[in-house]
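In the order they appear, the protein sequences are chains B and V.
Per the numbering used here, residue 33 is the first one in the first sequence, and the count goes up by one each step.
Per the numbering used here, residue 31 is the first one in the second sequence, and the count goes up by one each step.
Data first, discussion second: the structure below is written as structure tokens.
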Amino acid sequence: MQTAAMTRERSFPTRTSAYLDWLQMLTGAGLILFMWSHMVLVASVNLGAGAMNTIARFFEDTYMAQVGGPLIGAAFLLHFVLAARKVPFRTEQQRAIWKHARLIKHTDTWLWLVQAFTAMVILIMGSIHMWTVLTDLPITAAKSAARIQGGFWGVFYLILLPMVELHVGVGFYRIAVKWGLAGRSQRKGLKRFENGLTAMFILIGLITIVRFWTLPI
Amino acid sequence: MGRHLTFEIFRFNPEDKDSVPHMETFHLEETERMTLFIALTRIREEQDPSLQFDFCCRAGICGSCAMMINGRPGLACKTLTRELPSEITLLPLPVFKLIGDLSVDTGTWYRAMNEKVESWIHTHRSFDPRAEEQRMDNALAEEIYELERCVECGCCVASCGTANMREDFLGASALNRIARFMMDPRDERSSKEYFEVVGTDEGIFGCMGLLACEDVCPKNLPLQDQLGILRRKMGWQAVKHLFRMG
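Here it is in structure tokens:
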């Protein structure tokens, strides 16, 4: 018996969806690791301006900031384009997902909408942040503090911080459940861990912003 | 003395050109161990014989009575009213074609899905009715049976954000179905052939991992685990091809 699938064996299946999904996950995972490291490194200012300056100098002396910065920027844009394939831009799709989310009141469905919304904010604010920092190297605690103490950037980071941490936290959870790295029995625990991690990074971020705001220049 | 229950039920008959979609309120005294199926039957028998809803087995086996119960898909026969607040809103499942009121046509959708994923054992062996049945390891048979328990009620599809946005998305029950055949040693399809069926954005790579399917499945099928396994298998298949390993 010759079935349709057997006949198709000789044709060439398209693997584009698979490759794009891999890339979306890999750029996402890479950016999650980057964002968490970034937060820890910037938070070094809480140990003193000297600590942050030493770390920043290290990254510039090794050209990691000059080369790595634009590379992270490229990964950031690539991740946006890949993930945007799933975001409803058409009105009818948007109407459908809103209606659906409001109806079923399901946390993970809402968390996806949080991811989609924060993504748009991060695309704009993250790009502005990267451009501002990378076109004004070297990074020093005094320059960052002056920017934040100007007021505008202080508010800017107070908005960007929770957006990034929410997006990154939910993304971390989503990758684990989507790719089966966390099974049914681990899902609840993973979600608790992710919530704790997100809250911790937001707290570190807030403390860091306050530190910059009060740092004598 | 039971509670006084208020039902808000979606009413619309597409066959009747004068019918307009609206919500209608019904009242009922709660009785002991009352299910939504019992409540709906009483409403139909005592208050409005024109109320349309599907049922067959009354035991969570046939999957006919799936509906949106206070916003969540579930089986009317498996849902006890005591688990719900005294105000209960019932809507037909989205995604599927509405027959009338709470009744939807899941049959046509499932038939098309089963044809699309070729939901049968593909083999070159001809069937000999006199021969002894092919043996299968018991543990494996149980694993297959676990996925075979799907009653095609449509709750996973109705709860899926992707399926609600995109008509072409296969949905969890189809992917679960394919996972079942991939386990079956009698099915001779190669990984490449399975990839053809589900290795696309209409299949496993369209799934966004919202996991509402896992959370609403009335049969508690391990959908999260199966979707994860399928994504990894199909993903690996594509990577192997990249390095010309498969």
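Note that beta-carbon positions come from the ideal geometry of N, C-alpha and C, so glycine has one too.
Does the beta-carbon of residue i have 16 or more other beta-carbons within 10 angstroms, so that it is buried, or is it exposed?
i                      : result
residue 82 of chain B  : exposed
residue 182 of chain B : exposed
residue 86 of chain V  : exposed
residue 51 of chain V  : exposed
residue 214 of chain B : buried
residue 57 of chain B  : buried
residue 32 of chain V  : exposed
residue 48 of chain V  : exposed
residue 130 of chain B : exposed
residue 157 of chain V : exposed
residue 163 of chain B : exposed
residue 189 of chain B : buried
Just verifying my parser: in three-state terms, what is the DSSP assignment at residue i?
i                      : result
residue 135 of chain V : strand
residue 188 of chain V : helix
residue 102 of chain V : strand
residue 130 of chain V : strand
residue 41 of chain V  : strand
residue 246 of chain B : helix
residue 213 of chain V : helix
residue 153 of chain V : coil
residue 35 of chain V  : strand
residue 47 of chain V  : coil
residue 96 of chain V  : strand
residue 183 of chain V : coil
residue 138 of chain B : coil
residue 38 of chain B  : Per-residue confidence for residue 38 of chain B stands at a pLDDT of 47, beneath the threshold of 50, marking its modelled position as unreliable; the derived number appears in the next sentence. Of the three classes helix, strand and coil, the one that applies to residue 38 of chain B here is helix, per DSSP.
residue 243 of chain V : helix
residue 16 of chain V  : Nothing about residue 16 of chain V can be reported from this structure: the residues present for chain V run from 31 to 276 only.
residue 233 of chain V : coil
residue 165 of chain B : helix
residue 98 of chain B  : helix
residue 145 of chain V : helix
residue 250 of chain V : coil
residue 225 of chain B : helix
residue 146 of chain B : helix
residue 119 of chain B : coil
Residue i touches chain B at which residues, Cβ-Cβ below 7 Å?
i                      : result
residue 231 of chain V : 49
residue 184 of chain V : Result: empty, since nearest Cβ-Cβ is about 14 Å, beyond 7 Å.
residue 201 of chain V : By Cβ distance, chain B contributes nothing, its closest Cβ being about 14 Å from residue 201 of chain V, past 7 Å.
residue 271 of chain V : 47
residue 235 of chain V : 49, 50, 53
Just to make sure I have the definition right: I need the residues of chain V whose C-beta is within less than 8 Å of the C-beta of residue i. Which are they?
i                      : result
residue 209 of chain B : 239, 241, 254, 258
residue 224 of chain B : Result: empty, since nearest Cβ-Cβ is about 16 Å, beyond 8 Å.
Give me the chain B residues within the contact set of residue i, using Cβ-Cβ distance strictly less than 8 Å, ordered along the chain.
i                      : result
residue 245 of chain V : 138, 140
residue 104 of chain V : Here the premise fails: no neighbours, minimum Cβ distance about 11 Å.
residue 268 of chain V : 47, 50, 51, 54
First and last residue of the alpha helix (DSSP H) that includes residue i?
i                      : result
residue 69 of chain V  : 66 to 76
residue 110 of chain V : Segment: none, residue 110 of chain V is in no alpha helix (DSSP H) and carries neither H nor E.
residue 102 of chain B : 101 to 116
residue 194 of chain B : 184 to 210
residue 254 of chain V : 253 to 272
residue 174 of chain V : 168 to 178
residue 222 of chain V : 221 to 228
residue 51 of chain B  : 48 to 74
residue 176 of chain B : 173 to 181
residue 90 of chain B  : 81 to 93
So which residues of chain V does residue i contact, with C-beta pairs closer than 7 Å?
i                      : result
residue 120 of chain B : 195
Could you pull the start and end residues of the beta strand (DSSP E) that residue i belongs to?
i                      : result
residue 52 of chain V  : 52 to 59
residue 118 of chain V : 117 to 121
Could you pull out every residue in the same chain whose Cβ sits closer than 6 Å to the Cβ of residue i, ignoring the five residues on either side in sequence?
i                     : result
residue 74 of chain V : 81
residue 85 of chain B : 172, 173
I'd like the list of long-range same chain contacts for residue i, defined as Cβ closer than 7 Å, with 5 residues on each side in sequence excluded.
i                      : result
residue 126 of chain V : 134, 135, 136, 139, 184
residue 123 of chain V : 96, 97, 98, 103, 134, 184, 188
Can you name, in chain order, every residue of its own chain whose Cβ lies under 8 Å from the Cβ of residue i, other than the five neighbours on each side?
i                      : result
residue 92 of chain B  : 98, 169, 170, 171
residue 213 of chain V : 170, 173, 174, 177
residue 44 of chain V  : 128, 129, 130
Closer than 9 Å by beta-carbon distance: list the chain V residues that pair up with residue i, in chain order.
i                      : result
residue 144 of chain B : 191, 238, 239, 240
residue 228 of chain B : Ordered by position in chain V, no residue passes the 9 Å Cβ test against residue 228 of chain B, which lies about 20 Å from the chain.
residue 212 of chain B : 254, 255, 256, 257, 258, 259, 260, 261, 262
Does residue i get closer than 7 Å to chain C when you measure Cβ to Cβ?
i                      : result
residue 265 of chain V : You won't find chain C in this structure, because its protein chains are B and V.
List, in chain order, every chain B residue whose beta-carbon is nearer than 9 Å to that of residue i.
i                     : result
residue 98 of chain V : 135, 136
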